[in-house]
Amino acid sequence: MYITVIGTGYVGTVTGACLAYLGHHVTCVDSDASKIEMLQRGQSPIYEPHLEKLLELAAGRGGIEFTTSLSDAVARSQVIFIAVGTPPLPSGEANLEYLEAAAHSIGAAMDDACFRVVVNKSTVPVGSGNLVETLVREGIADARPAERHNIHFGVASNPEFLREGSAVADSLYPDRIVVGAADDRTLEMMRELYSPLVLQSFEPPPGLARPAGMQSAPLFTTSLTSAEMIKYAANAFLAMKIGFANEIANICERVGAEATEVMTGIGMDSRIGSKFLNPGVGWGGSCFGKDVHALVHTAREYGYTSRLLQSSLDVNAEQRQMVIQKLQEKLHILKGRTIGLLGLAFKPNTDDLRDAPSLYIAGRLLQMGVRVRAYDPIAMPVCQKQQPDLKIRYCESAEALAADADALVLVTEWSEFRDLDLGKLAGLMATPVLVDGRNLFHPETAVAAGFDYTGVGRRIRPRPATAV
Ligand SMILES: NC(=O)c1ccc[n+]([C@@H]2O[C@H](COP(=O)([O-])OP(=O)(O)OC[C@H]3O[C@@H](n4cnc5c(N)ncnc54)[C@H](O)[C@@H]3O)[C@@H](O)[C@H]2O)c1
Numbered sequence: 031m032y033i034t035v036i037g038t039g040y041v042g043t044v045t046g047a048c049l050a051y052l053g054h055h056v057t058c059v060d061s062d063a064s065k066i067e068m069l070q071r072g073q074s075p076i077y078e079p080h081l082e083k084l085l086e087l088a089a090g091r092g093g094i095e096f097t098t099s100l101s102d103a104v105a106r107s108q109v110i111f112i113a114v115g116t117p118p119l120p121s122g123e124a125n126l127e128y129l130e131a132a133a134h135s136i137g138a139a140m141d142d143a144c145f146r147v148v149v150n151k152s153t154v155p156v157g158s159g160n161l162v163e164t165l166v167r168e169g170i171a172d173a174r175p176a177e178r179h180n181i182h183f184g185v186a187s188n189p190e191f192l193r194e195g196s197a198v199a200d201s202l203y204p205d206r207i208v209v210g211a212a213d214d215r216t217l218e219m220m221r222e223l224y225s226p227l228v229l230q231s232f233e234p235p236p237g238l239a240r241p242a243g244m245q246s247a248p249l250f251t252t253s254l255t256s257a258e259m260i261k262y263a264a265n266a267f268l269a270m271k272i273g274f275a276n277e278i279a280n281i282c283e284r285v286g287a288e289a290t291e292v293m294t295g296i297g298m299d300s301r302i303g304s305k306f307l308n309p310g311v312g313w314g315g316s317c318f319g320k321d322v323h324a325l326v327h328t329a330r331e332y333g334y335t336s337r338l339l340q341s342s343l344d345v346n347a348e349q350r351q352m353v354i355q356k357l358q359e360k361l362h363i364l365k366g367r368t369i370g371l372l373g374l375a376f377k378p379n380t381d382d383l384r385d386a387p388s389l390y391i392a393g394r395l396l397q398m399g400v401r402v403r404a405y406d407p408i409a410m411p412v413c414q415k416q417q418p419d420l421k422i423r424y425c426e427s428a429e430a431l432a433a434d435a436d437a438l439v440l441v442t443e444w445s446e447f448r449d450l451d452l453g454k455l456a457g458l459m460a461t462p463v464l465v466d467g468r469n470l471f472h473p474e475t476a477v478a479a480g481f482d483y484t485g486v487g488r489r490i491r492p493r494p495a496t497a498v
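If you use this note's numbering, the sequence shown closes out at 498, no skipped numbers anywhere.
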């Protein structure tokens with residue numbers, strides 16, 4: 031099928047590459063010419079494992095092109111995905127200006143050559159499917175008033191569930207594909223589009239083996255409104271699950287229980303499941319905060335106060351502050367101290383810094399008169415570019431970060447941090463304080479290496495006395 035994907039961010043680029051890999055002819059469109067130029071050179075504008083390789087493979091399969099010209103791409107496409115950003119407004123509402131502009135432009139570019147499906151992949155508040163339909167119709171009426179009754183299209187909502195850092199595998203091997211639509215013709219085209227994913231009939235790309243036992247992926251069809259609600263409900267639940275783990279860890283800390291044991295113990299219950307139960311400095315990223323705020327806002331619009339969702343937001347905000355408290359407990363005075371952040375990205379394997387806990391922690395420490403340093407294997411150039419006012423000193427290694435520092439805070443659990451020589455790091459520091467904001471290290475190992483260690487909800491076991 032001929033497909034256009036509008037928006038070449040984290041979602042659009044991965045979606046375009048995967049659909050082309052499956053054999054579709056894809057044109058990716060972005061209004062940001064610098065991103066399109068990079069993609070035309072075969073470079074990904076974002077850091078995402080396997081993406082550049084997949085783009086290369088996709089070019090040799092269905093074919094993938096990149097352009098800033100939305101109208102040419104739409105005119106030759108049967109399916110048009112909208113994957114533009116929907117960032118939060120100060121009120122918590124989703125900002126729909128990019129979605130609205132894209133939907134209107136799609137309408138203005140349509141002709142009567144074929145029936146087209148406009149698919150909304152951006153995360154949008156309930157009711158936006160109807161808004162997209164209206165805007166496409168207005169675009170058609172503005173551009174081709176005389177032909178408007180002969181131009182036919184359907185609208186689908188196809189929420190995206192990929193996780194940055196494993197976005198390619200999540201897209202090729204999804205737990206489920208959700209498609210909301212109001213008419214059968216639209217649903218049929220979506221079924222055809224996704225049939226290689228549903229049947230898992232494609233050859234896995236090198237280095238991205240199909241999960242053992244996976245033979246197909248369910249395609250769940252719903253109304254437009256339910257599909258939109260599924261995305262918000264899924265993110266709200268995951269955010270709440272992490273918030274729950276954090277809250278229990280905070281209680282564990284006070285009563286002397288070990289939170290990682292407690293989480294393992296409850297995660298063994300199949301009704302609960304073990305994922306998303308890691309206590310830490312709280313969630314971040316472009317989706318959870320934005321989507322929970324937007325859902326709270328939607329509920330309020332309908333006269334409902336969501337106490338559980340609001341509490342998830344509050345617990346998460348306080349969890350970031352917990353790092354500052356732990357540093358104060360260890361060092362008392364923070365003014366004039368040197369503190370190093372291990373990790374900046376909101377999670378490992380991405381360069382995404384949107385709503386990253388590191389930004390809050392760095393900002394708060396700087397306000398308190400701390401000299402803040404950071405080391406991140408991937409996200410430092412992005413941070414330097416996006417946060418020019420954050421007066422962080424960027425270090426080229428964990429050792430440089432530790433040299434003469436008063437404390438280290440592990441903010442992002444990059445796998446390379448697991449292999450750090452803790453003894454060496456502690457030896458380089460002025461005071462070897464380690465706040466492990468992701469419970470990456472074993473407390474006993476860190477203490478044995480010379481650190482004054484504190485994690486989240488962790489208990490340091492006294493070493494058994496050695497027999498003389
Ligand atoms: N990032 C994720 O992990 C993730 C996961 C699931 C869902 N989502 C949702 O998907 C959507 C996109 O997220 P993202 O992280 O890819 O955003 P992003 O900010 O990385 O990318 C959006 C892109 O859209 C482009 N754009 C904006 N308006 C345009 C227009 N009119 N025409 C052409 N291009 C335009 C921007 O230049 C940008 O490159 C959001 O609604 C987000 O909530 C994101």
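Built from N, CA and C at the ideal position, the CB exists for glycine as well.
Apart from sequence neighbours up to five positions away, the residues of its chain that approach residue 82 with a beta-carbon distance below 6 Å are 74, ordered along the chain. A straight-line Cα-Cα distance of about 12 Å links residue 362 and residue 461. The three-state reading of DSSP puts residue 441 in coil, since its state is none of H, G, I, E or B. Residue 369 is positioned such that its CB atom lies no closer than 8 Å to that of residue 326. Judged by DSSP in its simplified three-state form, residue 126 adopts coil rather than helix or strand.
One alpha carbon belongs to residue 333, the other to residue 339, and they sit about 15 Å apart.
Counting C-beta pairs with one atom in each stretch, the stretch 383 to 394 and the stretch 423 to 432 have fewer than three that are closer than 8 Å, which means they do not touch. If you draw a 10 Å sphere on the C-beta of residue 215, you find fewer than 16 other C-beta atoms in it, and that means exposed.
A distance criterion of 7 Å places the beta-carbon of residue 40 in contact range of ligand 1, judged by its closest non-hydrogen atom. Taking 4 residues as the minimum length, the alpha helix (DSSP H) runs contained wholly in the stretch 344 to 411 are 387 to 397, in order along the chain. The DSSP-derived three-state label of residue 422 is coil.
Using a Cβ distance threshold of 8 Å, residue 188 and residue 166 do not count as a contacting pair.
With contacts defined as CB atoms closer than 8 Å, residue 147 and residue 109 qualify as a contacting pair. Residue state for residue 138 is assigned as helix, using DSSP reduced to three classes.
Taking 8 Å as the cut-off, the Cβ atoms of residue 32 and residue 194 do not count as close. Under a 10 Å Cβ-count criterion, residue 229 is classified as exposed, with fewer than 16 other Cβ atoms of the shown protein chains found around its own Cβ.
Residue 50: member of the alpha helix (DSSP H) spanning 40 to 51, first to last residue.
Rounded to whole angstroms, residue 244 and residue 203 show a C-alpha spacing of 8 Å. For the 8 Å CB-CB criterion, residue 454 and residue 429 form a contact. In the DSSP assignment, residue 210 forms a beta bridge with 187, 252. Uninterrupted alpha helix (DSSP H) stretches at least 4 residues long and entirely within the stretch 252 to 308 occur at 254 to 285, 289 to 297, given in chain order. Inclusion of residue 97 and residue 89 in the CB contact set at 8 Å is not warranted, their separation being larger than that value.
Around the Cβ of residue 160, a 10 Å sphere holds fewer than 16 other Cβ atoms; the residue is exposed.
Comparing alpha carbon positions, the residue from 267, 487, 458, 268 closest to residue 469 is 487.
The beta-carbon distance between residue 259 and residue 156, rounded to whole angstroms, is 6 Å. This is short enough to meet the 8 Å contact definition. Secondary structure at residue 240: coil, using DSSP grouped into helix, strand and coil. For residue 482, DSSP records a beta bridge to 463. Contact between residue 93 and residue 52 does not hold, since their C-beta atoms are separated by about 12 Å, which reaches or exceeds 8 Å. DSSP lists no beta-bridge partner residue for residue 447. Burial state of residue 261 is buried, judged by a 10 Å Cβ sphere holding 16 or more other Cβ atoms.
Judged by pairs of C-beta atoms under 8 Å, the stretch 370 to 383 touches the stretch 400 to 419, as three or more such pairs exist. At a threshold of 7 Å, residue 161 does not count as near ligand 1, since its beta carbon sits no closer than that to any of the ligand's heavy atoms.
Residue 262 has its CB no nearer than 7 Å to any heavy atom of ligand 1. In this structure, the CA atom of residue 409 is about 36 Å from the CA atom of residue 254. Between residue 162 and the set 297, 176, 129, 179, the nearest pair of CA atoms involves 129.
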